[in-house]
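Before any comments, here is the structure.
Residue numbers (the working numbering): 2 to 147.
See below:
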């Protein structure tokens, strides 16, 4: 599923769009498939899909899939060559597990959590600390070419 892929963590935010755009250019340059991964957490009712039918796990998964599809289309357009994957669990754990087989993990610098004063989102921090492949963290905005 993740073997040799560039895996992008997607939560529907603007940073996810930037991460997808960057990864869509990078993956072909290293001959890797592109995988967009979103993760929902029904047990805690936390995360970007918490209010979207949280009482029903099937509805929560449906909302997560819709957000993933919409975010990928905003970033890359319809028909982009990217595998879409929705998983249940903790976002950082899913990305760290993906790092066992992935060539790279790409995430935005900040997620959709409420701690806006942090320099780096908690998922990004955990992935950087524990991933077993290279991790690319895209800044919120870019000025000149990085």
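Just so you know, even glycine gets a beta-carbon here, dropped at the ideal spot from N, CA and C.
Query - Cβ-Cβ separation, residue 93 to residue 128 (assumed contact under 8 Å), whole Å - result: Indeed they touch by this definition, with Cβ atoms about 6 Å apart.
Requested in this report: Evaluate contact between the segment 74 to 88 and the segment 17 to 25, counting only Cβ atoms and requiring at least three cross-stretch pairs below 8 Å.
Outcome: By the Cβ rule, the segment 74 to 88 counts as touching the segment 17 to 25, because three or more pairs are nearer than 8 Å.
Query - Bridge-paired residues (DSSP) for residue 106 - result: Per DSSP, 8 and 136.
Query raised in the report: How would you label residue 101, buried or exposed, when you count the other beta carbons within 10 angstroms and need 16 or more for buried?
Result: Looking at its Cβ environment, which holds fewer than 16 other Cβ atoms inside 10 Å, residue 101 is exposed.
Query raised in the report: When we look at the beta-carbon of residue 12 and count the other beta-carbons within 10 Å, is it buried (16 or more) or exposed?
Result: By the neighbour-count criterion, in which a residue is buried when 16 or more other Cβ atoms sit within 10 angstroms of its Cβ, residue 12 is buried.
Requested in this report: Report yes if the C-beta distance between residue 105 and residue 135 is below 9 Å; otherwise report no.
Outcome: Yes, they are a contact pair.
Requested in this report: Please name the residue in 4, 9 and 3 whose C-alpha comes closest to that of residue 137.
Outcome: Measuring from the Cα of residue 137, the nearest candidate turns out to be 9.
Query raised in the report: From which residue to which residue does the alpha helix (DSSP H) around residue 148 run?
Result: In the structure as shown, the chain starts at 2 and stops at 147, and residue 148 therefore has no counterpart that could be examined.
Report task. State yes or no: is the C-beta of residue 81 within less than 9 Å of the C-beta of residue 3? Result -> No, these two residues do not count as a Cβ contact at 9 Å.
Query - Buried versus exposed, by CB contacts within 10 Å (16 or more), residue 132 - result: Residue 132 is buried by the Cβ-count criterion.
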